[in-house]
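Numbering (full-length UniProt numbering), first residue to last: 1 to 279.
Since the structure comes first, as structure tokens, the remarks are kept for the end.
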Ligand code: GLN
């Protein structure tokens, strides 16, 4: 009888082909090209066992990003663990908008509230080496992941621990505040579906209707923005109007929303006036 070959795993029909390949590349620590060139190599029993363990977890629903321990965002590889939300492509519009906001400012001061894996703060710091970027999280475990990402990617980010503005040292004024806070309503059935089941609940939902943390961020921003500074937040598919209203009520100007890759209004923001009361 012929020995089993690597190829036999590539034919695993329980999972999509791409996922099979990604898991196998991970187990072997080899790139795709190697795998395709070596598919008739004998299959070592420990490779088969390691693959099988991951495949079973995937079949049980665990997100690919947690099984692989990484996810690409803004062209950078971020490590992810179940302590942090998995970076979403939709969030790239928040980073792109942030970079536009500070394009004309030399050495901009930027704050990312609830940084999780650090994907937003680190992407900004890498695109703007002159920026002074601070990033907060209430979770020490998340901050450990974010700090490791900053180290791996050589990004200069100052991390601070605490809930929203409580983490931010008094007297710091920012040109820009960004955040992708928990905004899913606690009774949203999506929390019990797909990848979300495995992500930190506290990073997904505020435990209420989904607008509480967004409101906290809007209401505290004036104390931490320089005159003319901007605030941009990611939010849910049906929250754009509510967030624009909050911003307008808090005295922000040029309030608007931008769409994600699916054409859904996904982020909203505005500029805090140079002179309160001016139009
Ligand atoms: N966009 C995520 C989702 O709905 C939620 C992220 C968040 O709450 N910040 O899957």
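From the three backbone atoms N, C-alpha and C, an ideal C-beta is built for every residue, glycine too.
Counting only runs of at least 4 residues, the region 68–118 fully encloses the following alpha helix (DSSP H) elements, listed from N- to C-terminal order: 92–101. If the five residues before and after residue 108 are omitted, its C-beta is found closer than 6 Å to the C-beta atoms of 102, 131, 175, all from its own chain and listed in chain order. In terms of Cβ geometry, residue 116 and residue 142 form a close pair [threshold 7 Å]. If you look at residue 253, you'll find it in the beta strand (DSSP E) that goes 253–259. Placement of the Cβ of residue 272 at a distance of 6 Å or more from every heavy atom of ligand 1 is found.
If the five residues before and after residue 4 are omitted, its C-beta is found closer than 6 Å to the C-beta atoms of 43, all from its own chain and listed in chain order.
Residue side-chain check: residue 168 keeps its Cβ at 6 Å or more from all non-hydrogen atoms of ligand 1.
Annotation: residue 8 is outside any beta strand (DSSP E); the continuous alpha helix (DSSP H) that includes it extends over 7–10.
Linking residue 225 to residue 177 through their CA atoms gives a straight-line distance of about 7 Å.
For residue 184, the distance from the CB to the nearest heavy atom of ligand 1 is below 6 Å. In this structure the region 181–193 touches the region 203–214; the number of beta carbon pairs closer than 8 Å is three or more.
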